[in-house]
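See structure below.
2 protein chains.
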Amino acid sequence: MILKSQVEWVLHCCAILSALPENKYLATKDLAEFHGVPKEYLSKALQSLSQAGLLVSTLGPSGGYRLAKSPSDITFLDVIEAVEGNTPTFACTEIRQKNPCRPKGYCEPAPCGIARVMWEADEAWRQSLRAVTLTDLSRMLTEGVPPALLQKSFEWIMART
Amino acid sequence: MILKSQVEWVLHCCAILSALPENKYLATKDLAEFHGVPKEYLSKALQSLSQAGLLVSTLGPSGGYRLAKSPSDITFLDVIEAVEGNTPTFACTEIRQKNPCRPKGYCEPAPCGIARVMWEADEAWRQSLRAVTLTDLSRMLTEGVPPALLQKSFEWIMART
DNA sequence: TCCTTAAGGATAAAGAATATCCTTAATTAT
DNA sequence: ATAATTAAGGATATTCTTTATCCTTAAGGA
Ligand code: FES
Ligand code: FES
Chain A
58 MILKSQVEWV
68 LHCCAILSAL
78 PENKYLATKD
88 LAEFHGVPKE
98 YLSKALQSLS
108 QAGLLVSTLG
118 PSGGYRLAKS
128 PSDITFLDVI
138 EAVEGNTPTF
148 ACTEIRQKNP
158 CRPKGYCEPA
168 PCGIARVMWE
178 ADEAWRQSLR
188 AVTLTDLSRM
198 LTEGVPPALL
208 QKSFEWIMAR
218 T
Chain B
58 MILKSQVEWV
68 LHCCAILSAL
78 PENKYLATKD
88 LAEFHGVPKE
98 YLSKALQSLS
108 QAGLLVSTLG
118 PSGGYRLAKS
128 PSDITFLDVI
138 EAVEGNTPTF
148 ACTEIRQKNP
158 CRPKGYCEPA
168 PCGIARVMWE
178 ADEAWRQSLR
188 AVTLTDLSRM
198 LTEGVPPALL
208 QKSFEWIMAR
218 T
């Protein structure tokens, strides 16, 4: 059980977009090149973020994506669920109903205890991811990085907005 | 991203094995029949639990599996990791190293902030699963179930040990 | 000696993740 | 107007994982 590689991609993309000035857009092509990932496939992931209301897109030259809201209003969980969906990581198939001793038509006390434990763990995971915003992300990704590299990267991005 | 169906299977199997008297074994065939799942494939999962030191197996007629230790010493996480492995659910591919502005040979402050957040969430998930033992499981799976059904199921199992 | 069982290897089928290509419509630059 | 650029989305291909079955071997019990 492993998250899609797209999750890493879009989180890094969000970090870039967080640094963009208001009403500036950055194209998929540039985000793909910056991160060394396939443009077409990254595009699918960004479309998901757009549909989830996290990004705003615009067409034509100088088009691309920007954040739909303040970085402080977008959490890791928002981004991850946009790509992975929000279905629980544990799917109960109700195998308890296969119990050969079960009376026909018997109705189990719902939901199964196992599923409850699994869903609680799932919620702990989500809660942890809800607690981190793109603002936190920007801070984390910049600290300890040489100012010269940050500056150069910023200019690389700005040259393409 | 979804857990293997085997996870649900083996957790239910562990609940059954928890109810077994000391030094009694239950065969894969019976566990598979009780839960209505394919015997051969369930067998692979039980082998994993055995290799993880959670179950003890014995051969021949009246052979099968029993718990290797007290139900209170086996957690959900133990069982799940035996089946799913213990690799983190987020795999960082270090795409930050693809940054075109990065000086050749530059060494990033390890690990990436994104990976740290993801691994922390992963740990929250694991912590939640570590807090529940097979003893808790037995209680959860029996409460609210009619005593007659519990009794009948117990007899079904005992008849095959 | 015969039957039952776990262990484990080989293989196949189904599904999900990864990736590419192409068309369409909107927007901008010329 | 025209041409270039871009996101959106459909179709399809490839690879990997999950799910499943089959078969052989060795151990244990009747
Ligand atoms: S029946 Fe699905 S987890 Fe118990
Ligand atoms: S480089 Fe992998 S998560 Fe940042």
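Protein chains in written order, with this note's numbering: chain A, 58 to 218; chain B, 58 to 218.
Every residue gets a Cβ at the ideal spot worked out from N, C-alpha and C, and that includes glycine.
Treat the numbers as computed from the prediction; the structure is a model and nothing was measured.
- The Cβ atoms of C71/A and V113/A lie no closer than 8 Å to each other.
- Considering only beta carbons, the part of the stretch 124 to 141 of chain A lying closer than 7 Å to chain B consists of F133, E141, in chain order.
- Interface with chain A (8 Å Cβ-Cβ cutoff): I73/B is excluded.
- Close partners of N156/A in chain B (Cβ separation under 7 Å): F91, S210.
- Under the Cβ distance rule, G120/B does not count among the residues neighbouring chain A, no pair being separated by less than 8 Å.
- Contacts with chain B at 8 Å (Cβ-Cβ) include L206/A.
- By the Cβ criterion, the stretch 100 to 114 of chain B is not in contact with the stretch 161 to 171 of chain B, since fewer than three pairs of Cβ atoms, one from each stretch, lie closer than 8 Å.
- In the DSSP annotation of this structure, the continuous segment of the beta strand (DSSP E) that includes V113/B starts and ends at 112 to 115.
- Against chain B, the CB of C149/A has a partner CB under 8 Å away; the residue lies at that interface.
- Nearest CB-CB separation between W66/A and chain B: below the 8 Å threshold.
- Taking 7 Å as the cut-off, one finds no heavy atom of ligand 2 near enough to the beta carbon of E141/A.
- Residues D179 of the same chain have their beta carbon placed closer than 6 Å to that of T146/B, with the five preceding and five following residues left out of the count.
- Within 10 angstroms of the beta-carbon of A172/A lie 16 or more other beta-carbons, which makes it buried.
- In terms of Cβ geometry, A148/A and G121/A do not form a close pair [threshold 8 Å].
- Taking C-beta atoms as the reference points, W182/B and W213/A fail to come closer than 8 Å.
- Look at L60/B here: in three-state DSSP terms it is coil, with no helix or strand label.
- With a threshold of 7 Å, the Cβ atom of E177/B does not count as near ligand 2, since no heavy atom of the ligand is closer than that.
- The three-state reading of DSSP puts R159/B in coil, since its state is none of H, G, I, E or B.
- Remark: the C-beta of H69/A is in contact range of ligand 2, defined as less than 7 Å to any heavy atom.
- In the same chain as H69/B, and ignoring 5 residues on each side of it, the C-beta atoms closer than 7 Å to its own belong to H92, in chain order.
- Any Cβ of chain B closer than 8 Å to the Cβ of P166/A would place that residue at the interface, and such an atom is present.
- The beta carbon of L198/B is closer than 6 Å to those of A72 in its chain, skipping five residues each way along the sequence.
- In the three-state reduction of the DSSP assignment, Y122/B falls in the strand class, which pools E and B.
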